[in-house]
Amino acid sequence: MEMELAEALRRTAESVTPQVSDLVDRGVLQGRRRVRRRRAAAVSAVTAVTAVTVAASVTTVLGMTGGDGGPGTTDSSKLQLASATQVLERAAETAQARPETRPRPDQWAYEKTLEQGVATGHGARPVTEESWYRIDGTGDASFRDGKLVVHRQPDRVATPASRRYARLGTLPTDPGALRAVIYKDVDAIPRRDRQRSDRDGEAFRTAAQMLWDAPLGIAPKTQAALYRVLAGIPGVRVDAKVKDGAGRPAIALSRGFGEQFLLDPTTYQMVGQRTVSNGRNAPQSKNGTVDPRFAVPPGTVTYSLTLLTVKLVDEPGQR
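full-length UniProt numbering applies: residue 1 is where the sequence shown begins, and numbers increase by one.
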């Protein structure tokens with residue numbers, strides 16, 4: 001499905017200007033492709049970062065399920081949090097208070113996601129996917145035609161993605177030091193390769209994507225530091241009155257461009273990311289025509305990826 005989506009987007013964006021093609025090919029949809037890559041890479045990286053206490057995240061996300069029992073039990077509109085700084089400091093405090101536990105190498109990470117929006121390869125129809133990845137990186141599993149298919153990978157190969165997630169274990173837990181690392185990484189990226197035109201925007205996306213990419217791969221103190229880094233980036237905004245793709249209350253973090261990262265209002269875990277039309281970020285061809293799929297009113301969600309469940313299990317197929 002990933003390759004089909006990428007190919008469809010390329011066909012759609014063939015005549016798109018560079019700035020707008022960034023929206024289509026390198027925006028939140030690339031975040032989705034990162035998600036697909038990290039599912040295989042992140043779990044193998046957990047072994048490489050066994051010093052990272054990942055079940056701290058598991059402790060809170062075990063209740064991250066779709067439907068009435070999910071994290072949407074809190075009315076986010078009642079949150080008395082006036083600014084991004086306050087929201088993100090509360091998120092940092094909540095993350096830092098989580099207990100620390102480590103998964104066994106023979107356990108599996110289970111994820112259930114919901115993808116929808118006009119920018120997907122399957123149209124506006126919501127699609128739910130379930131995936132399992134062994135913690136030591138030697139296996140993965142998913143359903144195909146209603147049947148669970150398990151792939152064994154005894155010989156793991158280090159990839160750029162797996163090295164990226166392994167690096168999570170080496171990140172400083174001091175917000176100032178972590179901010180310096182993130183901005184150093186941003187400055188090392190050639191401008192033509194950046195996903196945001198400004199330095200702060202690229203730093204925002206980098207820090208937020210770390211939180212999204214590895215819900216089972218960030219120690220509580222590192223997660224807290226990432227929230228504090230986000231709080232210190234100019235222009236970050238919050239909206240405590242949104243809902244994720246599953247209809248659950250959420251807090252949206254954004255910094256222009258129409259891209260949002262969604263937090264659970266109780267646990268402050270990252271539960272989704274999406275692109276929202278702002279009336280100016282629709283893909284356009286060189287002659288100025290807007291892709292009909294994106295001819296929607298401002299405020300319309302054009303792409304949404306929601307994390308319904310993520311937890312540790314003992315075998316593939318177990319939920």
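Every residue, glycine too, gets a C-beta built ideally from N, C-alpha and C.
G121 carries a coil assignment under DSSP once its states are collapsed to helix, strand and coil.
The way I'd put it, the stretch 101 to 116 doesn't touch the stretch 250 to 260; fewer than three beta-carbon pairs between them come closer than 8 Å. Burial is judged here by how many other beta carbons sit within 10 angstroms of a residue's own beta carbon; T289 has fewer than 16 and is exposed. V310: member of the beta strand (DSSP E) spanning V301 to V313, first to last residue. DSSP places E202 inside the alpha helix (DSSP H), whose first and last residues are R199 to D213. It is roughly 44 Å from the alpha-carbon of Q153 to the alpha-carbon of Q86. DSSP, reduced to helix, strand and coil, places R144 within a strand of the structure shown. Here K147 is exposed. Its C-beta has fewer than 16 other C-beta atoms within 10 Å. Scanning A109, E202 and D213 for the CA closest to the CA of T306 turns up D213. A Cβ-Cβ distance of about 15 Å is found for the pair P105 and D140, leaving them out of contact under the 8 Å criterion. Y133 carries a strand assignment under DSSP once its states are collapsed to helix, strand and coil. Considering only S254, V238, D264 and N281, the residue with the shortest C-alpha distance to R248 is D264. With respect to the 8 Å criterion, V310 and P215 are classified as neighbours on the basis of their beta carbons. Take the alpha-carbon of G279 and the one of V149: they are about 43 Å apart.
Per DSSP, the continuous beta strand (DSSP E) segment holding I251 begins and ends at P249 to S254. Restricted to the stretch 219 to 274, the beta strand (DSSP E) segments that are unbroken, complete and at least 3 residues in length are 237 to 243, 249 to 254 and 259 to 263, listed in chain order. Per the DSSP secondary-structure output, R152 pairs in a beta bridge with G139. Counted as a single uninterrupted DSSP element, the alpha helix (DSSP H) harbouring Q86 occupies residues A84 to Q96.
No Cβ-Cβ contact shorter than 8 Å links L312 with P172.
Spatial neighbours of E202 in its own chain (CB-CB distance under 8 Å, excluding positions within 5 residues in sequence) are listed in chain order as V186, I189, R194, Q195 and R196. Burial state of F204 is buried, judged by a 10 Å Cβ sphere holding 16 or more other Cβ atoms.
For the set S304, L308, T275 and G317, the Cα lying nearest the Cα of P298 is the one of T275.
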